[in-house]
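S.K.: For the sequence shown, the residue numbers in numbering that gives the first Met the number 0 are 0 to 312.
Have a look at this one.
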Amino acid sequence: MTERVRCLIIGSGPAGYTAAIYTGRANLNPVLYEGIQPGGQLTITTEVENFPGYPEGIGGTELMDDLRKQAERFGVDIRSGIATKADLSQAPYKITIDDEKVIEADTVIISTGATAKYLGLEDEQKYAGMGVSACATCDGFFYRKKVVAVVGGGDTACEEAIYLAGLASKVYLIVRKPYLRASQIMQDRVMNNPKIEVLFEHNTVGLFGENGVEGAHVVKRMGEADEERYDIAIDGFFLAIGHKPNSDIFKEWIDTDEVGYIITEGATPRTKVPGVFAAGDVADPHYRQAITAAASGCKAAIEAERYLSEHNL
Ligand code: NDP
């Protein structure tokens, strides 16, 4: 079962939907597959207060519903389904959906996003949206003058701890090793911030609370065999242990960095395969914001339009 389309968009976060709005409006008859998490990462956050145009803020799910409706208005064919295989060896490019249907596309916009890593505790799911978050810039504002914990020892964890220290009354940084992996400048900023307490050689084993997170059960490693278990009182629990870009099926054809982020040409969304573009978090280890993802989706759409007209497709 094969179908030919001029523009295939994979993923339904801000990048995918913005690409859909632009390509739909340009009459490219785009087809968009929603992917694993329809609406993307914003649907697992609560309130979005920093997306321009919403002075009162907007719910993450509501924002994504609006973007979807805007794409539908321009005739975008939005389908549920997951891209499971890609063959970008020659145009038209072949993308397999749900292991069965093959789409042949003249242009492909990869906007499959990145997935925040979690520790794998049951309590992380139990308190999702009730004190557990993987994005300090998204949710930190709700913890003004409260106590929060950040897990991780890399640059992201340090950055998030510093950001949260500007809002919260106290920040625990829970680090599993006896040292931070972050760059020296970030380490210095963390160690010199009086609101941040670093808990080295600590692991979180559970969360507790009646109506949302009220604390964490932590374990401190003491030497080779010994450990101490105790509880810390917190209102928010932030994961910053890395993201996994959803780029696996494309890696054979396009360049990615060591983590898996797609490498594009400079500030453009062009990959090394002509007509294949990457937008949003799958190609952005740095900013990871809804608005920057939306902007790159717009760029990818304009590139796709130009490519099609240059190739008379
Ligand atoms: P990193 O992979 O650099 O760090 C992840 C951290 O999470 C590590 O400290 C790691 O511990 C810890 N971790 C991983 N799994 C677990 C677990 N199961 N339990 C507890 N801790 C865990 O990811 P980042 O997101 O911090 O950074 C990704 C890349 O982006 C890096 O190259 C970074 O330098 C870059 N970056 C740069 C920034 C900047 O320049 N301003 C800002 C943000 C990111 P361990 O050390 O023990 O492995």
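All C-beta atoms, glycine included, are put in the ideal place defined by N, C-alpha and C.
On a predicted model such as this, the values are computed, not experimentally measured, just so you know.
Please find out if some non-hydrogen atom of the ligand NDP comes closer than 8 angstroms to the beta-carbon of E158.
M.R.: The sequence position of residue 158 within the sequence shown is 159, counting from 1. Yes, the Cβ of E158 comes within 8 angstroms of a heavy atom of the ligand NDP.
S.K.: With I108 and I233 assumed to form a contact (beta carbons below 8 angstroms), what rounded beta-carbon distance in angstroms separates them?
M.R.: Along the sequence shown, one-based indexing puts residue 108 at 109. Along the sequence shown, one-based indexing puts residue 233 at 234. Not quite, the Cβ-Cβ distance comes to about 40 angstroms (not below 8 angstroms), so this is no contact.
S.K.: Using the C-alpha atoms, what's the distance from T263 back to D283?
M.R.: If you number the sequence shown from 1, residue 283 lands on position 284. If you number the sequence shown from 1, residue 263 lands on position 264. So the two alpha carbons sit approximately 10 angstroms from each other.
S.K.: Shortest alpha-carbon distance to M129 belongs to which of R220, I43 and K176?
M.R.: As a working mapping, residue 129 is identified with position 130 in the sequence shown. When only C-alpha atoms are compared, the closest one is I43.
S.K.: By Cβ distance below 6 angstroms, which residues in the same chain neighbour L66 in space, the five residues on each side in sequence not counted?
M.R.: What you label residue 66 is simply residue 67 of the sequence shown in a count that begins at 1. Hits under 6 angstroms: Y16.
S.K.: With DSSP as the reference, please indicate the residues paired to L238 in a beta bridge.
M.R.: Within the sequence shown, the letter at position 239 stands for residue 238. Note: L238 sits in a beta bridge opposite V150.
S.K.: By the three-class DSSP mapping on this structure, what secondary structure does M129 have?
M.R.: Mapped onto the sequence shown, residue 129 falls at position 130. M129 falls in the coil class under three-state DSSP.
S.K.: Counting only runs that start and end within the stretch 252 to 277, where is the beta strand (DSSP E) found for 3 or more residues in a row?
M.R.: If you keep only unbroken beta strand (DSSP E) runs of at least 3 residues inside the stretch 252 to 277, you get 275 to 277.
S.K.: Hey, quick one: how far does the beta strand (DSSP E) through E55 stretch, first residue to last?
M.R.: One-based indexing of the sequence shown puts residue 55 at position 56. Where E55 is concerned, there is no enclosing beta strand (DSSP E), given that its DSSP letter is neither H nor E.
S.K.: Can you tell me the Cα-Cα spacing of A277 and L172, whole angstroms?
M.R.: The count along the sequence shown starts at 1 and reaches residue 277 at position 278. The count along the sequence shown starts at 1 and reaches residue 172 at position 173. Each residue's Cα considered, the two are about 33 angstroms apart.
S.K.: Closer than 8 angstroms to a non-hydrogen atom of the ligand NDP - does that hold for the CB of D154?
M.R.: Translated into positions along the sequence shown, residue 154 becomes position 155. For the ligand NDP, at least one heavy atom lies less than 8 angstroms from the Cβ of D154.
S.K.: Going by Cα to Cα distance, which pick from L238, F50 and Q69 is closest to G119?
M.R.: Counting from 1 along the sequence shown, the entry for residue 119 is found at position 120. Measuring from the Cα of G119, the nearest candidate turns out to be L238.
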